[in-house]
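The block underneath contains the structure these notes are about, expressed in structure tokens.
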Amino acid sequence: MDRSLQGSLAILFSSILWGTTGTAAAFAPDISPLGIGAFSMGVSGLLLAFLARKPLKADLPRILESRTPLIIGVVALAIYPLAFYSSMRMAGVAVGTVVSIASAPFMTVFINRLFGKANIVSLRWVMSFLLGTVGIVMLTFAESGHAAVASDNSQKLLGVLLGLIAGLSYATYAWVAKQLIDTGVKSDSAMATIFGLGALLLLPTLLFTGDNLFSSWNNTSVSLYMALVPMFVGYLAFGFGLRHVDASKATLLTLFEPVVAACFAVLIVGEVIAPIGWVGMALIMVCLVLQATEREPTESPLTEVI
């Protein structure tokens, strides 16, 4: 198994774990979305920093050489869960998720074009991006048909805007982590630095959003699961994947997350997905196969176009 495939499989594994968060949160509806987002990302950040304390100490000189992008990445990390979960609340789970996740690959390419050294986008990437985007929109429409969302147009519009902010912030901290790794920083050190500093920004917000996190055993179980499994283990796998794949490919592979979320919603929560949704899933799977089996490109005729 070559390194690119290893990295792709690691990112797909992290997407599977992230895809369980919606189902897990459904078992604790009285917890604030902002609270669960800040708690899970914050606690996982502290755990990642503690686990990587030795390599982090060794990589500190290299990390400090990239102070400006690091600060940008930390701020983006802190913004992401707040924007993402707020988007789902205002625009609905389906729309908020599709805007946040489907916009991230485009945002990554945009960042690469502005600041990256290797601004290469292959025709295969573009085709898989289009397939994945069409598939995820079809899946969203299928879910929306069975989930009524009470929200006026202005609130939905604000939710979509927050989803775009979430996509940009996710793409930003993923890109910053990749840049640190490319300078010789170990992946666990890069993720630990961004998440550890991000935790210092996120955890204080629990003073305003953390009600009911531990009000019952059920809520406590959900809160700890979200922090330890999808966030902590998921981002360990994601950091490993970033060693071997480009940030634009990594964010595209995370389109697997809504597929997993939809399957869990059907199997565990009992939701129903229309046939168009299953067609959308098939398109997303084609997108993922194209990406997982592609080697990192060295040149592309689309470089000057995109």
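The numbering used here puts the first residue of the sequence shown at 51, with every later residue one more than the last.
Virtual Cβ for every residue (Gly too), placed ideally from N, Cα, C.
Bear in mind that the values here come from a model prediction, so they are computed numbers and not experimental data.
- Burial state of E307, where buried means 16 or more other Cβ atoms lie within 10 Å: buried
- Item | Cβ pair L59, G291 closer than 9 angstroms | yes
- Query: Relative to the C-alpha of F258, which residue among R112, I81, G95 is closest?
  - Reply: I81
- Count the C-beta pairs between the stretch 152-163 and the stretch 299-315 that are closer than 8 angstroms, then say yes if the count reaches three, no if not. yes
- Query: Going along the chain, which residues of its own chain have a beta-carbon closer than 6 angstroms to the beta-carbon of A102, five neighbours each way excluded?
  - Reply: D238, S239, A242
- Which residues in the same chain as I66 place their Cβ atom closer than 6 angstroms to its Cβ, once the five residues preceding and following it in sequence are excluded? V310
- Query: Under three-state DSSP, which class holds V125?
  - Reply: helix
- Where the alpha helix (DSSP H) through V272 begins and ends: 267-276
- Within the same chain, show all residues whose beta-carbon is closer than 7 angstroms to that of L212, passing over the 5 residues directly before and after it, in chain order. A133, S136, S137, M140
- Message: Taking only three categories from DSSP, how would you classify S201?
- Response: Low confidence applies here, because S201 scores a pLDDT of 46, under 50, leaving its location unreliable; read the following figure in that light. Three-state result, S201: coil.
- Nearest to A152 (by Cα), restricted to the options I215, A108, V93, R117: I215
- Item | 6 angstroms Cβ shell around F264 - same chain, five flanking residues per side excluded | T270
- Query: In terms of residue numbering, what span does the alpha helix (DSSP H) encompassing I323 cover?
  - Reply: First-last for I323: undefined, no H or E at that position.
- Item | Boundaries (first-last residue) of the alpha helix (DSSP H) holding P254 | Per DSSP, P254 belongs to no alpha helix (DSSP H) and is neither H nor E.
- Rounded C-beta distance between T222 and G123? I'm assuming under 8 angstroms. 6 angstroms
- Which two residues bound the contiguous alpha helix (DSSP H) that contains T105? As written in the sequence, residue 105 is Pro, which differs from the Thr given in the question. P105 -> alpha helix (DSSP H) spans 103-114.
- Name the residue from V149, A78, D261 whose alpha carbon lies nearest to the alpha carbon of L207. V149
- Message: Between S94 and F282, how many whole angstroms is the CB-CB distance? I'm expecting something under 8 angstroms.
- Response: 4 angstroms
- Cβ shell of S201 (< 8 angstroms), same chain only, five flanking positions each side left out: Because S201 sits at a pLDDT of 46, beneath the cut-off of 50, its placement in the model cannot be relied upon, and the point is left open.
- Task: Please name the residue in S90, L98, A76 whose C-alpha comes closest to that of K236.
- Result: L98
- Query: Is it right to say T118 is buried, meaning 16 or more other beta carbons lie within 10 angstroms of its own, or is it exposed?
  - Reply: exposed
- Taking C-alpha atoms, which residue in V336, A227, T70, M91 lies nearest to L250? M91
- Task: Give every residue of the same chain whose Cβ lies closer than 8 angstroms to the Cβ of V272, excluding the five residues on either side of it in the sequence, and list them in chain order.
- Result: A74, A75, F77, A78, I81, I86
- Message: Going by DSSP in three states, D261 sits in which element: helix, strand or coil?
- Response: coil
- So which of I61, Q56, L180 has the shortest CA-CA distance to P280? I61
- Simplified DSSP state of D232, which is helix, strand or coil: helix
- Considering only C-alpha positions, which residue in the set N262, A297, S204, A312 is nearest to Q229? A297
- Message: Please report the distance separating the alpha-carbon of C2 from that of A108.
- Response: Because the chain in this structure spans residues 51 to 356, residue 2 falls outside the shown range and cannot be described.
- Task: May I ask you to report which of helix, strand or coil DSSP gives V295?
- Result: coil
- With DSSP run on the structure shown, which of helix, strand or coil describes I81? coil
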